[in-house]
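What follows is a set of notes on a single structure, which appears directly below.
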Amino acid sequence: MAVLRPKPVYPILSAIRDQLAEIAGVATCKIGLETGLSPDDYPIIRVVPVKLTGKGTAQQIVFTVYYGDAITESDGGLEAVYESLMALGEAIRLVLAGLQGVYSVNYIDTITDEDRLAHYKIFASRFELLVGAAARA
């Protein structure tokens with residue numbers, strides 16, 4: 008009898024990263040949120056897995072998409088940064104909604120005050136991705 012195995016998580020995250028990297032205006036898109044970012048890295052998107060659960064071939068992957076830009080380099084000040092990041096958040100949600108059919112992706116929420124790095128405004132949107140039997144439930 009063949010043993011059913013869940014899909015490997017990293018290739019799924021890599022596919023998400025690759026899709027998000029196609030969003031216009033994004034300078035860098037990676038898996039994980041590193042601390043050694045430079046101004047040349049912004050605007051950023053970072054895909055960070057938060058929780059992995061599952062049984063058999065059913066999997067749930069909860070992940071956070073961090074996205075941000077430099078506050079000090081915006082001609083329009085902080086309001087312009089908020090406006091551009093809200094537009095970027097909408098683009099991220101649209102890209103992930105486009106994965107429906109391949110995976111079941113659910114938007115959870117966005118925290119707009121994830122300022123982990125000085126001089127940068129960072130938003131954090133959480134998503135749930137269901138794979139296998141979990142996606143069909």
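Reading the sequence shown from the start, the letters are residues 8 to 144 in the numbering used here.
From the three backbone atoms N, C-alpha and C, an ideal C-beta is built for every residue, glycine too.
Where the beta strand (DSSP E) through residue i begins and ends
i     : result
VAL16 : Unbroken run through VAL16 is the alpha helix (DSSP H), 16-28; no beta strand (DSSP E).
THR35 : 35-38
PRO56 : 51-62
Extent of the continuous alpha helix (DSSP H) to which residue i belongs
i      : result
TYR73  : Careful: TYR73 lies outside any alpha helix (DSSP H), inside the beta strand (DSSP E) at 65-77.
VAL102 : 84-104
Close beta carbons around residue i, own chain, < 6 Å, minus the five adjacent residues each side
i     : result
ILE30 : ALA98
TYR74 : ILE52, LEU95, PHE130
Residues bridged to residue i (per DSSP)
i      : result
GLU135 : VAL69, ASN113
TYR127 : ALA77
Whole-angstrom distance between residue j and residue i, CA atom to CA atom
i     : j     : result
ASP25 : VAL54 : 10 Å
PRO15 : GLY84 : 42 Å
Beta-carbon contacts of residue i that lie in its chain and below 7 Å, excluding the five residues immediately before and after
i     : result
GLY32 : PRO50
GLY39 : ARG53, VAL55
ALA77 : PRO46, TYR49, HIS126, TYR127
Inter-stretch contact at 8 Å, needing at least 3 Cβ pairs: the stretch 96-115 / the stretch 36-51: They do not touch, by the three-pair rule.
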